[in-house]
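**Student:** Would you mind keeping the following structure in view while I ask a few things?
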Amino acid sequence: MVTFDDAAKRRIRFLTRRGLLELDIVLKRFMEKEFQHLSNAELSVFVEILDLPDQEFLALVNQKETTDNPQFALLLDKIRRS
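So the sequence shown is numbered by numbering that gives the first Met the number 0: it starts at 0 and just counts up by one.
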């Protein structure tokens, strides 16, 4: 299991700056409300999600596309609820 220290969490915060305004808005709310409560396992999944292209990420957040990855689904639900 990967452990995320403060430097790694700062890097993740930087990665949430996206090229799409819609994603920036959603991620800003998520980061303010939920980020500090994520476990190391959830942070690992979040990093994987952040590796997705912006359009694919937005389609998953907006539920225009679905994922077969149950870990993605759980975290995407947290992002949507924030």
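Here a beta-carbon is modelled for each residue, glycine too, at the ideal position from N, C-alpha and C.
(1) Does DSSP put D67 in a helix, a strand or coil?
(2) If you count every other CB in all the chains shown that lies within 10 Å of the CB of V25, and 16 or more means buried, which is it?
(3) If you compare alpha carbons, which of H36, P52 and K27 is closest to F13?
(4) Can you look up R28 in the DSSP assignment and give me helix, strand or coil?
(5) Residues in the same chain with beta-carbon distance under 8 angstroms from M30, minus the five sequence neighbours each way, listed in chain order, please.
**Tutor:** Judging by the given coordinates:
(1) coil
(2) buried
(3) K27
(4) helix
(5) R12 and T15
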